[in-house]
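Working notes, structure below.
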Amino acid sequence: MSASHDQGSEEQLRHELSGLLTYITRVRQEIASISRPADEEHHFNSMADQLDAVIKATDDASNTIMNCAEKNDEAVRALKKSIKDPAQLALLDQVTNNSMDIIQACSFQDLTSQRVTKVARSITYVEDRVAALAEVWGKEELDKVEVEGTHKSEDEKLLNGPALDPSQSIDQDAIDALFD
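For the sequence shown, my numbering assigns the number 545 to the initial residue and increments by one for each residue that follows.
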């Protein structure tokens with residue numbers, strides 16, 4: 545082999561190794577940013593918790609709505625016993641029909657819950673894969689990698705959404721008092 549051919553091969557090998565090193569560094573940065581994001585808003589655990597909170601909130605709201613509709617239906621049945629006017633009875637029948645429509649419409653919660661649960665499982669799957677990659681790479685090594693945070697305006701920093709733990713949330717009376 546000639547010296548120039550060896551130099552060309554050596555240069556190509558150096559170039560390929562440099563590209564591979566750049567790629568590996570980028571992969572390590574991405575794994576680090578996913579496994580320990582700069583803020584909670586971008587953390588997989590937080591997303592799964594948020595989705596669980598959506599499921600619970602829609603379930604609670606649906607149950608409250610259905611319970612109220614059932615209580616209205618009970619009240620209508622009680623009123624029907626004392627009312628003889630056909631026009632008023634027809635109105636009460638309409639209220640009963642509306643209550644049944646409300647209860648049927650609340651079945652959305654079950655479908656919504658199933659879909660959100662599928663998304664939460666997908667997030668958990670990705671989170672598990674990232675955790676496995678982080679373990680393979682080594683937590684100590686990933687801790688050395690600098691993770692870029694997102695830049696938020698002062699207003700955006702104030703927007704956190706509802707608290708996941710109801711005991712940490714502001715009650716509606718306190719919010720209403722702000723507007724008084």
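Beta carbons are placed, not taken as given, at the ideal position from N, Cα and C, and that holds for glycine. Keep in mind the model is a prediction, meaning the values are calculated, not measured.
Give me the Cα-Cα distance between Lys600 and Ile609, rounded to the nearest whole angstrom.
Cα-Cα distance, rounded: 14 angstroms.
Within 9 angstroms, strictly: CB atoms of Asn493 and Ser643
Past the boundaries of the shown model lies residue 493; the chain is included only from 545 to 724, so the question cannot be answered.
Indicate whether the contact test is met: 3 or more Cβ pairs, each with one atom in the stretch 633-650 and one in the stretch 664-683, closer than 8 angstroms.
With fewer than three CB-CB distances shorter than 8 angstroms, the stretch 633-650 does not count as touching the stretch 664-683.
If you measure between the beta carbons of Ser657 and Asp604, is that distance less than 9 angstroms?
The Cβ atoms of Ser657 and Asp604 do not sit closer than 9 angstroms to each other.
Beta-carbon proximity check, Ser606 vs Gln653, cutoff 9 angstroms
Cβ distance < 9 angstroms, so Ser606 and Gln653 count as in contact.
Indicate whether Ile646 and Ala613 have their beta-carbon atoms separated by less than 9 angstroms.
In this structure, the beta-carbon distance from Ile646 to Ala613 falls below 9 angstroms.
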